[in-house]
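Q: Numbering (full-length UniProt numbering), first residue to last: 1 to 192. Attaching a single structure in structure tokens format; questions to follow.
Structure representation (structure tokens):
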């Protein structure tokens with residue numbers, strides 16, 4: 001930290017001597033070698049001193065963006081709208097992107113907000129289709145009490161794989177095309 005302040009004093013000194021930016025950059029690089037500040041940083045500090053700044057300390061941003069107030073603001077924003085991006089949180093709260101990430105990960109224990117916490121948003125057509133399928137299943141279960149005994153559980157990837165390949169294996173187009181028989185109960189045979 002003290003090395004940074006020392007370099008800023010050198011930039012301030014060069015600016016007070018009325019050196020140009022390019023002369024200041026050359027001098028800083030000559031004196032500090034590989035440990036010199038980047039050219040952009042030298043130019044920024046040079047312009048700050050040229051515009052009348054006297055302090056070499058960074059006072060243009062708060063010491064920490066991870067204050068209790070900012071953490072609470074981020075929590076309220078995310079709970080109100082889980083589809084917010086980190087950039088939107090950054091703009092709303094007034095912290096930089098890295099601080100917003102740290103608040104989300106470390107303070108709020110939210111990893112990969114977009115992947116983990118944001119529910120998939122369905123289009124109106126997808127919602128209608130899901131409703132129709134669920135209503136059809138409910139009607140079928142109410143009409144045929146043994147229907148749930150014929151349900152095979154698993155993920156939909158097998159079924160979707162067959163649909164995409166065009167091999168429906170004799171599946172009906174809808175549940176209305178399927179006939180269900182009552183489950184047969186087998187009576188134990190009597191020994192003679």
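Note that the Cβ used here is the ideal one computed from N, Cα and C, for glycine as well.
Is the stretch 44-57 touching the stretch 7-21, taking contact as three or more C-beta pairs under 8 Å?
A: In short, these stretches touch, since the Cβ pair count reaches three.
Q: In whole angstroms, what is the alpha-carbon distance linking residue 101 and residue 42?
A: Between residue 101 and residue 42, the C-alpha separation is close to 28 Å.
Q: How would you label residue 65, buried or exposed, when you count the other beta carbons within 10 angstroms and need 16 or more for buried?
A: Residue 65 is buried by the Cβ-count criterion.
Q: Note down, in chain order, each residue of its chain lying with its Cβ closer than 6 Å to the Cβ of residue 21, except the 5 sequence neighbours on either side.
A: Counting only Cβ-Cβ distances below 6 Å, and skipping sequence neighbours, we find 43, 46.
Q: Which stretch, first to last residue, makes up the alpha helix (DSSP H) that contains residue 136?
A: Segment 124-143, the alpha helix (DSSP H) holding residue 136.
Q: Classify residue 119 as buried or exposed, calling it buried when 16 or more other Cβ atoms lie within 10 Å of its own Cβ.
A: Reliability fails at residue 119, whose pLDDT of 41 lies under 50, so the model's placement of it is uncertain and no value is given.
Q: Enumerated in chain order, which unbroken segments of the alpha helix (DSSP H) with a length of 4 residues or greater are wholly contained in the stretch 17-88?
A: The qualifying runs are 21-32, 39-50, 68-80.
Q: Buried or exposed: which applies to residue 148, given that a residue is buried once 16 or more other Cβ atoms fall within 10 Å of its Cβ?
A: Residue 148 comes out exposed.
Q: Between the alpha carbons of residue 33 and residue 3, how many angstroms are there, rounded?
A: Going from the Cα of residue 33 to the Cα of residue 3 covers about 13 Å.
Q: How long is the line joining the alpha carbons of residue 5 and residue 124, rounded to whole angstroms?
A: So the two alpha carbons sit approximately 59 Å from each other.
Q: So, with DSSP's three-state summary, where would you put residue 149?
A: Residue 149 falls in the helix class under three-state DSSP.
Q: Let me check understanding here. Comparing Cα to Cα, which of 99, 96, 104 lies closest to residue 79?
A: Of 99, 96, 104, the residue nearest in Cα terms is 104.
Q: Would you please state the rounded distance, in angstroms, between the beta carbons of residue 107 and residue 152? I believe it to be under 8 Å.
A: That belief does not hold up - the Cβ atoms of residue 107 and residue 152 are roughly 45 Å apart, past 8 Å.
Q: In the structure shown, what three-state DSSP assignment does residue 95 receive?
A: Here residue 95 sits in coil by DSSP.
Q: Nearest-angstrom Cα distance between residue 136 and residue 77?
A: So the alpha carbons of these two residues sit roughly 39 Å apart.
Q: With 8 Å set as the bound, which would you pick, yes or no: does the beta-carbon of residue 90 sit closer than that to a beta-carbon of chain D?
A: No chain D appears in this structure, which consists of one protein chain only.
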